[in-house]
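Chains as they are written, first to last, in this note's numbering: chain L, 242 to 649; chain W, 2 to 170; chain U, 202 to 406.
C-beta atoms are modelled at their ideal positions from N, C-alpha and C, and glycine is treated no differently.
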């Protein structure tokens, strides 16, 4: 037999008395049921244990930042929906507040309350999806179906408010697309009331489940130092013991008036991150109930923002001045001063930041989206090493990232 | 007796336990009612695809619940989401690995034409790289729209000359 | 934390105009030392973001690398901006030894702008594929893109696919950023590859 076809003898041992083995390289993705979206993990395996992991991202890079340089500020709102497409209302809010910081524009209390309510509903929706996807990754199909039933109820609420189930494009610079329809706030209250017992029922399937515990306790431990060094945020950082929550640390949009706790983990393993997300859902319901109780009247958009927010439609159709104002806003965009701002919001996946460089006018010069999932994924080369391939699946599920946000 | 009727015909008084029909009718009936999708879930449309598979919209009624992520075992590839140039080559490879007969549903605006992402990185429509049978519009399309696409694809399959194609090279 | 506080130890730091958080300018070579001081002595333990801005071809310095730092104790931000000294081959030193998360951020800045990070352990493209010949976020690169080869030769041989410019159909129709002259500020079709005076190039849809 030619020399190159000769395999080492079976059972051959090397000098240290161990079996001769070779490392295998396995490429997981980009189309794989358990990489949440199009992530490719190039791993080097020694048997079942991962020795090197190199994530390849960019399979969903759509050029959002370049598109932003060619869109007016309001035209970019639909693109923000599709960043973290599990919680579009939260992204809409983060972007609107960032641009309003640029314009130094304060929105009235009702607008802030509506934004908080929609952001917390989006948080519940995103965590339910994360829970369902994590469950289905480790083999629990039922949790996925139950969480989707709850998400359908949320979709019904979103659809009544914004017109779309998700990809809502609800906020505008200086306000919202429209006010809440009559009866919507009561429906949100009704959702909150029936949600908590159902959430407990869903969590009961996993929290003390022996198989789930085996697959998540002690797996994918991220230390506090690593989490801070790699820029992790959101439940991933809080699961590792760092009480970093921008809603408490740098409150925006009226979060300071609501009373809620921040869930912080201790060990930084997959189980802690799961528990943190579950607790965040309960706290979100708490915030929602307070926001509904305190829901203020008044204008739902900035009233003194002539170059930024469109005038009411009946005035546009009857009065010349509002017609011109609307024309300028639609063609040239909301006029912003020159300067730079950076605003981060506490999104379900972590902190979503917008860095806007404006040279004046209605179109930004540069818009950088600081994506939480991008930073959360950067720790994969470190945390996957030493775990088995099936643990990698569990780690990916517990990191709960979204490729739309990561690649933009 | 051969008639132009491609529906199954059964008259128990005459044929007894025997059904006489065209091969096409049987083959197409089997294929259209057990289409196993290969969910190429890339972006936001994947969430609506999952919602179509969940309890409220229940794609299982149409025989398409078994979402096979292995292309070898799938019949229809549902491209749900934006296809970037980086992903396009992997998508084509997966399409090539599917066994015939195979169909493609381009779900959503991004898969049909590139959607609102007219940029340097986005393939302007997945039909530039794989042949598409049904286009579903929407951003994202409602699960009902996806189910409508599945129904239209079933109708399209039932019109195919499957028996002839079986013996084609 | 402002430029005044840092001036004593880092005399080359200047204040940067900013609409919200305190911001400082620093020459590119001084970035690692300044950021190390900010992390260890000034309490900015969290690196929120590393990004870059292209001020367009006529301007010098053309590229600016911007770092956003956050202090988890004091809950405040600081923006540090460093102009790249060379416009043709922009480069700044890396900070991956200070924050491991900077690795991916710097790879993205390299991928999008072509900014080199001296000392980076693994500087390769992250969002576009290996071998993509252009830097997309540079101002002269059109939104629609430029023809490029796809990375997979088998698929390209089978289908003939390539990365083609997106059909802009004369759009997007937006005003330019920062124009003061009203005639220039009028929204106009950004894709000037074809208009009433110049026909559509061959081969585009």
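Going by DSSP, what residue range makes up the beta strand (DSSP E) through residue i?
| i | result |
| --- | --- |
| residue 38(W) | 38 to 42 |
| residue 225(U) | 224 to 226 |
| residue 287(L) | 281 to 287 |
| residue 96(W) | That residue, residue 96(W), is in no beta strand (DSSP E); its alpha helix (DSSP H) goes 86 to 98. |
| residue 588(L) | 577 to 588 |
| residue 597(L) | 591 to 602 |
Expressed to the nearest angstrom, what Euclidean distance is found between the alpha-carbon atoms of residue i and residue j?
| i | j | result |
| --- | --- | --- |
| residue 361(U) | residue 267(U) | 40 Å |
| residue 624(L) | residue 46(W) | 30 Å |
| residue 338(U) | residue 502(L) | 41 Å |
| residue 417(L) | residue 166(W) | 56 Å |
| residue 168(W) | residue 162(W) | 11 Å |
| residue 308(U) | residue 315(U) | 9 Å |
| residue 402(L) | residue 368(U) | 34 Å |
| residue 376(L) | residue 570(L) | 46 Å |
| residue 124(W) | residue 451(L) | 45 Å |
| residue 287(L) | residue 137(W) | 44 Å |
| residue 341(L) | residue 541(L) | 15 Å |
| residue 328(L) | residue 28(W) | 43 Å |
| residue 292(L) | residue 581(L) | 43 Å |
| residue 437(L) | residue 368(L) | 14 Å |
| residue 61(W) | residue 404(L) | 27 Å |
| residue 270(U) | residue 466(L) | 16 Å |
| residue 325(U) | residue 260(U) | 27 Å |
| residue 456(L) | residue 630(L) | 12 Å |
| residue 158(W) | residue 301(L) | 32 Å |
| residue 548(L) | residue 378(U) | 15 Å |
| residue 54(W) | residue 285(U) | 51 Å |
| residue 135(W) | residue 296(U) | 50 Å |
| residue 588(L) | residue 370(U) | 36 Å |
| residue 406(U) | residue 366(U) | Residue placement at residue 406(U) cannot be trusted, given a pLDDT of 45 that sits under 50; what the coordinates show is reported in the next sentence. Straight-line Cα distance between these residues: approximately 9 Å. |
Measuring CB to CB, does residue i end up less than 8 Å from residue j?
| i | j | result |
| --- | --- | --- |
| residue 30(W) | residue 75(W) | no |
| residue 611(L) | residue 249(U) | yes |
| residue 50(W) | residue 88(W) | no |
| residue 68(W) | residue 272(L) | no |
| residue 195(L) | residue 532(L) | No statement about residue 195(L) is possible, as the shown extent of chain L runs from 242 to 649 and does not include it. |
| residue 141(W) | residue 109(W) | yes |
| residue 350(U) | residue 356(U) | no |
| residue 376(U) | residue 299(L) | no |
| residue 300(U) | residue 619(L) | no |
| residue 390(L) | residue 56(W) | yes |
| residue 106(W) | residue 130(W) | no |
| residue 539(L) | residue 351(L) | yes |
| residue 272(U) | residue 244(U) | yes |
| residue 644(L) | residue 278(L) | yes |
| residue 621(L) | residue 256(L) | no |
| residue 280(U) | residue 583(L) | yes |
By the criterion of Cβ-Cβ separation under 9 Å, what are the contact partners of residue i in chain A?
| i | result |
| --- | --- |
| residue 121(W) | In summary, chain A is missing from the structure at hand, where the protein chains are L, W and U. |
What does residue i reach in chain W if we use C-beta pairs closer than 8 Å?
| i | result |
| --- | --- |
| residue 368(U) | 119 and 125 |
| residue 368(L) | By Cβ distance, chain W contributes nothing, its closest Cβ being about 14 Å from residue 368(L), past 8 Å. |
| residue 364(L) | Residues of chain W passing the Cβ test: none, with the nearest at roughly 16 Å. |
| residue 323(L) | 44 and 45 |
So the alpha helix (DSSP H) residue i belongs to, where does it begin and stop?
| i | result |
| --- | --- |
| residue 518(L) | 511 to 534 |
| residue 479(L) | 476 to 480 |
| residue 344(L) | 329 to 344 |
List the residues of chain W that residue i touches, going by C-beta distances under 7 Å, in chain order.
| i | result |
| --- | --- |
| residue 356(U) | 90, 93 and 94 |
| residue 326(L) | 44, 45 and 48 |
| residue 413(L) | Ordered by position in chain W, no residue passes the 7 Å Cβ test against residue 413(L), which lies about 18 Å from the chain. |
| residue 279(L) | 43 and 88 |
Anything in chain L within Cβ reach of residue i, meaning under 8 Å, just list it in chain order.
| i | result |
| --- | --- |
| residue 70(W) | 272, 273 and 274 |
| residue 295(U) | Those within 8 Å of residue 295(U) in chain L number zero; the least Cβ separation is about 14 Å. |
If the cut is a Cβ gap below 8 Å, which residues of chain U does residue i touch?
| i | result |
| --- | --- |
| residue 87(W) | 329, 330 and 352 |
Which residues of chain L have a Cβ atom closer than 7 Å to the Cβ of residue i, listed in chain order?
| i | result |
| --- | --- |
| residue 226(U) | In chain order: nothing, as chain L lies at least about 12 Å away. |
| residue 222(U) | 583 |
In chain L, which residues lie less than 9 Å from residue i when you measure between Cβ atoms?
| i | result |
| --- | --- |
| residue 52(W) | 389, 392, 393, 396 and 406 |
Residue i touches chain U at which residues, Cβ-Cβ below 7 Å?
| i | result |
| --- | --- |
| residue 115(W) | 367 |
With contact counted as at least three CB pairs below 8 Å, one residue from each stretch, are the segment 269 to 277 of chain U and the segment 494 to 506 of chain L in contact?
Because the criterion of three Cβ pairs below 8 Å is not met, the segment 269 to 277 of chain U and the segment 494 to 506 of chain L do not touch.
contact_flag[the segment 211 to 229 of chain U, the segment 138 to 153 of chain W] where n(CB pairs < 8 Å) is 3 or more:
In this structure the segment 211 to 229 of chain U does not touch the segment 138 to 153 of chain W; the number of beta carbon pairs closer than 8 Å is below three.
Counting Cβ pairs closer than 8 Å, one from the segment 592 to 603 of chain L and one from the segment 350 to 364 of chain L, do we hit at least three?
In short, these stretches do not touch, since the Cβ pair count stays below three.
Segment contact flag, the segment 318 to 336 of chain L with the segment 405 to 414 of chain L, C-beta cutoff 8 Å, min 3 pairs:
Segments in contact, yes.
At least 3 beta-carbon pairs within less than 8 Å: the segment 388 to 398 of chain L vs the segment 474 to 481 of chain L:
Touching, no, given that fewer than three Cβ pairs across the two stretches are closer than 8 Å.
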